[in-house]
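The structure appears right after this line, and notes come after that.
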Amino acid sequence: MRHMKIGGLMTSNVISAVPATSFREIAKLLAEHDISGIPVVDEDDHVVGVVSESDLLAHHELTARDLMTTPAITVHAEETVADAGRLMVRRGVERLPVVDVEDRLVGIVTRRDLLCVYLRPDAEIRRRVREDVLTDAMDLPGDAVDVHVLDGVVTLAGRLRRHSQAQTLVGLAERVDGVVAVVDRLSFHEDDTRLPSPARTPQDTSW
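Under our numbering, the first residue of the sequence shown carries the number 4, and numbering increases by one thereafter.
If you want it as structure tokens, here you go:
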């Protein structure tokens, strides 16, 4: 199943600093470009830290080397939007420098960038659930169940052969980019999720 990658959302023209960049120059960069933080890179473009507005307000050291938060929390361009979002929440950061396979700075992504995914049109979300989930991932007809989407909320209704298929469908639909929530109105012919009762033997009989 295809997921939107960070490389498709990131800003490629990154404003950055070097460890020797002064406090005043960093403050000027943030104001001029209307940004709330910048990555700090070494001579090989490897990210060594990040300086945010809060770093500037809390400290008045002379250079980025003294101000920056280290180690830098970064993300690769091929990682998914969902993975980046979880990382931001877990580490409590507003932005992630994006690095290539050699850990060199190639872009930056912010929480605002990630939120754009949830503006995906309902019709596109419906198409992705039918094509990517039902057809590609589950090898079912695209119209095997009814897929209705309103404001990012996906409602799945219909009858599948097995309970496990219904569970898989809901789980995969929740992972589609742009989906806010999934309403499960599915039914099934066979509940294959219950463990069969153990076979009784003569020795099990109570006398």
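Positions of the beta carbon are idealized from the N, C-alpha and C atoms, including for glycine.
The model shown is predicted, which means the values in this text are computed figures rather than measured ones.
Counting every other CB atom within 10 Å of its CB across the protein chains shown gives G40 a total of 16 or more, marking it as buried.
I111 carries a strand assignment under DSSP once its states are collapsed to helix, strand and coil. For T14, the secondary structure class from DSSP, reduced to helix, strand or coil, is strand. Taking a C-beta distance under 9 Å as the contact criterion, V21 and A67 qualify as a contact pair. Contact between the region 157-173 and the region 183-197 is present, with at least three C-beta pairs closer than 8 Å.
Minimum Cα-Cα distance from R123 among the listed residues V152, I111 and D58 corresponds to V152. With respect to V50, L108 sits close: the two C-beta atoms are nearer than 9 Å. The region 133-146 makes no contact with the region 47-62: fewer than 3 CB pairs, one atom from each, lie closer than 8 Å.
Here V179 is near I128, since their CB atoms are less than 9 Å apart. Taking C-beta atoms as the reference points, E105 and K8 fail to come closer than 9 Å. By the neighbour-count definition (other C-beta atoms within 10 Å, threshold 16), S55 is a buried residue.
If you draw a straight line from the Cα of V53 to the Cα of P100, it comes to about 8 Å.
Inclusion of L159 and V150 in the CB contact set at 9 Å is warranted, their separation being smaller than that value. Ranking V182, D86 and R131 by CA distance to the CA of V120 puts V182 first.
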